[in-house]
Amino acid sequence: MPLTPAIADWPALPLRDRVVVVTGGAQGVGRGIAQAVLGAGGSVMIADLDADAGKACLKEWALPGRAAFQRTDVARERSVQALINATLKRFGRLDGLVNNAGIASAHGTPLDAMTLNEWQRRLSSLHGAFLCSKHALPALRASSTDTQTGAIINIASTRAWQSEADSEAYAAAKGGLVAFTHALAISEGPQVRVNSISPGWITTEAWQAPARRRAPKLSRRDHAQHAVGRVGQPDDIGALAVFLLSSLSGFITGQDHIVDGGMTRTMLYT
Ligand SMILES: NC(=O)c1ccc[n+]([C@@H]2O[C@H](COP(=O)([O-])OP(=O)(O)OC[C@H]3O[C@@H](n4cnc5c(N)ncnc54)[C@H](O)[C@@H]3O)[C@@H](O)[C@H]2O)c1
Numbered sequence: 026m027p028l029t030p031a032i033a034d035w036p037a038l039p040l041r042d043r044v045v046v047v048t049g050g051a052q053g054v055g056r057g058i059a060q061a062v063l064g065a066g067g068s069v070m071i072a073d074l075d076a077d078a079g080k081a082c083l084k085e086w087a088l089p090g091r092a093a094f095q096r097t098d099v100a101r102e103r104s105v106q107a108l109i110n111a112t113l114k115r116f117g118r119l120d121g122l123v124n125n126a127g128i129a130s131a132h133g134t135p136l137d138a139m140t141l142n143e144w145q146r147r148l149s150s151l152h153g154a155f156l157c158s159k160h161a162l163p164a165l166r167a168s169s170t171d172t173q174t175g176a177i178i179n180i181a182s183t184r185a186w187q188s189e190a191d192s193e194a195y196a197a198a199k200g201g202l203v204a205f206t207h208a209l210a211i212s213e214g215p216q217v218r219v220n221s222i223s224p225g226w227i228t229t230e231a232w233q234a235p236a237r238r239r240a241p242k243l244s245r246r247d248h249a250q251h252a253v254g255r256v257g258q259p260d261d262i263g264a265l266a267v268f269l270l271s272s273l274s275g276f277i278t279g280q281d282h283i284v285d286g287g288m289t290r291t292m293l294y295t
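Residue numbers (the numbering used here): 26 to 295.
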């Protein structure tokens, strides 16, 4: 065997035979990730509170062998246990978990008027990532081999790094997810890699359940404030998720990856 490997073709279907749970996968960014996993040859279990949206995905995809839906509340431990059991029963293995479910709106009540209930509800994406990771880890560890590891992706936000007013709870949830990511990566290596993705502005109107679906209304100015010249789409996040779930990213763990069309790199002087 030569010391230097020969040129190797990139895999056409990097997630072939891999099974991935995507929470909040029935709409928006999560649906973009779920469709990218399917496009990369994987199987997907979408876990979502919204049963109509989940059933619509299965109908529209028409891939009964590789796509399934389980109604799930990621903030309830029993519901999460049932999700992992249903996934193992349906597909026989689990290789990837994407913790995406959460309240998408960043803006809450001003802090001095916020109730503890609202604070806790707005942190549900962080609680969900804890519960889903806890119950998925035994199966993710078991899927690890010499050539590939189990993988977790936490969907954070550029709001983990910069803020508008009245977004403390959302920022705390997303900053918490970034820190949760590096802590879990150190605990679970080498069997499971853990990364986060921090999306910027992603337009999700066209990726909702059929009854709420509509074309996004975006102005030239909305697009122009991005260095790439446009607002993001759910499949922009799906593309990186496929890479981070696949063995192509085997040397990457514990990191946050910003996908924002350059918005947080733009210097603003008025
Ligand atoms: N859209 C953006 O611009 C943007 C930017 C940065 C980060 N994010 C993050 O991406 C993730 C998805 O956001 P989105 O914009 O696609 O929102 P969305 O509302 O379009 O989709 C969220 C999905 O999660 C589901 N969900 C919500 N709470 C749940 C729970 N407790 N259990 C199970 N499912 C639940 C909803 O039913 C819905 O299908 C969120 O974590 C959000 O913070 C979005």
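Heads up, the beta-carbon is just placed ideally off N, CA and C, and yes, glycines get one too.
These figures come from a predicted structure and were not determined experimentally.
By the DSSP assignment, the alpha helix (DSSP H) with residue i in it spans what residues?
i	result
Phe276	It is not in any alpha helix (DSSP H) - Phe276 carries neither H nor E in the DSSP assignment.
Ser68	Where Ser68 is concerned, there is no enclosing alpha helix (DSSP H), although the beta strand (DSSP E) it sits in stretches over 68-73.
Thr206	193-213
Pro27	Element bounds for Pro27: n/a, residue is neither H nor E.
Leu265	259-270
How big is the Cα-Cα spacing for residue i and residue j?
i	j	result
Lys159	Glu102	10 angstroms
Gly254	Ser244	12 angstroms
Gly263	Phe205	21 angstroms
Glu189	Ala33	46 angstroms
Ile211	Gly55	26 angstroms
Gly257	Ala59	17 angstroms
Asp171	Thr183	34 angstroms
His248	Arg96	35 angstroms
Ser130	Thr29	50 angstroms
Pro241	Ala167	42 angstroms
Gly79	Leu113	19 angstroms
Pro215	Leu40	19 angstroms
Ala51	Ala76	8 angstroms
Trp186	Ile180	14 angstroms
Thr228	Ile128	15 angstroms
Met292	Gly225	16 angstroms
DSSP three-state label for residue i, please.
i	result
Gln60	helix
Pro163	helix
Gln145	helix
Asp98	coil
Asn179	strand
His282	strand
Ala33	coil
Met288	helix
Gly253	Note on identity: in this sequence residue 253 is Val, with Gly being the wrong assignment. Three-state result, Val253: coil.
Ser158	helix
Asp137	helix
Thr172	coil
Thr228	coil
Leu88	coil
Gly121	strand
Ala81	helix
Thr48	strand
Ala107	helix
Ala93	strand
Arg238	coil
Gly153	helix
His132	coil
Arg246	helix
Can you name the start and end residues of the beta strand (DSSP E) that residue i belongs to?
i	result
Val217	217-224
Assuming the contact rule is C-beta atoms closer than 8 angstroms, residue i and residue j should be a hit. Round their C-beta distance to whole Å, please.
i	j	result
Arg219	Gly133	Before going further, note that residue 219 is Val rather than Arg in the sequence given. With a Cβ gap of about 27 angstroms, Val219 and Gly133 do not count as contacting.
Gly175	Asp120	6 angstroms
Across the region 282-290 and the region 77-90, are there enough close Cβ pairs to call them in contact, namely three or more that are closer than 8 angstroms? With fewer than three CB-CB distances shorter than 8 angstroms, the region 282-290 does not count as touching the region 77-90.
With a cut-off of 8 angstroms, do at least 3 Cβ pairs link the region 146-162 to the region 116-128? yes
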